[in-house]
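Mapping of the sequence shown onto the numbering used here: residues 169 to 298, in sequence order.
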Amino acid sequence: MSGVTAEKLTKTYLKIRDERAKLSAEFKEKDSTLSRQLDRVKQGLLDYCNAHGVESVRTSEGLFYRSTKQRFWTNDWEKMHAFIMEHGVPELLEKRLNQTNFKQFLEENPESKPEGLNIDSEYSIAVRKK
169 MSGVTAEKLT KTYLKIRDER AKLSAEFKEK DSTLSRQLDR VKQGLLDYCN
219 AHGVESVRTS EGLFYRSTKQ RFWTNDWEKM HAFIMEHGVP ELLEKRLNQT
269 NFKQFLEENP ESKPEGLNID SEYSIAVRKK
């Protein structure tokens with residue numbers, strides 16, 4: 169980008185970022201409206217299933233069915249950890265590192281890096297209006 173000034177690049181960056189923010193806000197507003205409408209329609213389909221005692225319905229427009237979705241969580245990580253250790257089921261946990269805590273650990277213990285640890289670093293640019 170030879171010949172382009174830092175001022176022009178900064179101005180262009182801010183203009184593009186502002187336009188993206190405007191488009192994003194418009195999208196979120198429209199999407200929120202559609203999402204609420206879709207939730208009402210889904211509730212109507214669930215009500216239909218309940219009223220007729222069925223799990224699925226085929227119509228000329230398509231098929232709809234209900235299913236059970238479960239989520240699991242704990243309010244007591246200490247007891248959950250003890251439970252997992254007692255039953256030898258570490259697979260109940262997800263395999264991922266807490267990025268913030270791991271970064272802090274490495275900053276405080278630069279000589280302690282476990283085998284198999286991969287670190288990916290890249291520069292990024294932040295721009296603020298004056």
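Glycine residues also receive a C-beta, built at the ideal position from the N, C-alpha and C atoms.
Q | Sheet register partners of arginine 226 (DSSP bridge) | A | Translated into the one-based positions of the sequence shown, residue 226 becomes position 58. Arginine 226 is bridged to Leu231.
**Q.** Boundaries (first-last residue) of the alpha helix (DSSP H) holding leucine 213
**A.** Locating residue 213 in the sequence shown gives position 45, counting from the first residue. Element bounds for leucine 213: 174-220.
| message | Is the separation between the beta-carbon of leucine 214 and that of serine 224 shorter than 8 Å? | response | Here residue 214 refers to the residue found at position 46 of the sequence shown. Here residue 224 refers to the residue found at position 56 of the sequence shown. Not in contact: leucine 214 and serine 224 (Cβ atoms no closer than 8 Å).
Under 8 Å between C-beta atoms of leucine 182 and lysine 297: Here the question's residue 182 lines up with position 14 in the sequence shown. Here the question's residue 297 lines up with position 129 in the sequence shown. Result yes, Cβ atoms of leucine 182 and lysine 297 sit closer than 8 Å.
Exercise. Measure the C-alpha to C-alpha separation of aspartate 288 and cysteine 217 and round it to an integer number of angstroms.
Key: Walking along the sequence shown from the start, residue 288 turns up at place 120. Walking along the sequence shown from the start, residue 217 turns up at place 49. If I take the Cα positions, the gap works out to 50 Å.
Notebook entry, point to check: How many Å lie between glutamate 259 and glutamate 276 at the Cα?
Noted result: One-based indexing of the sequence shown puts residue 259 at position 91. One-based indexing of the sequence shown puts residue 276 at position 108. Those two C-alpha atoms are separated by around 29 Å.
**OP:** Going by CA-CA distance only, name the one from Arg226, Thr227, Leu261 and Arg185 that's closest to threonine 314.
**Re:** The structure shown does not extend to residue 314, since the chain is modelled only from 169 to 298, so the question has no answer here.
message: Can you tell me whether glutamine 238 is helix, strand or coil according to DSSP?
response: Position 70 of the sequence shown holds residue 238. If DSSP states are grouped into helix, strand and coil, glutamine 238 belongs with coil.
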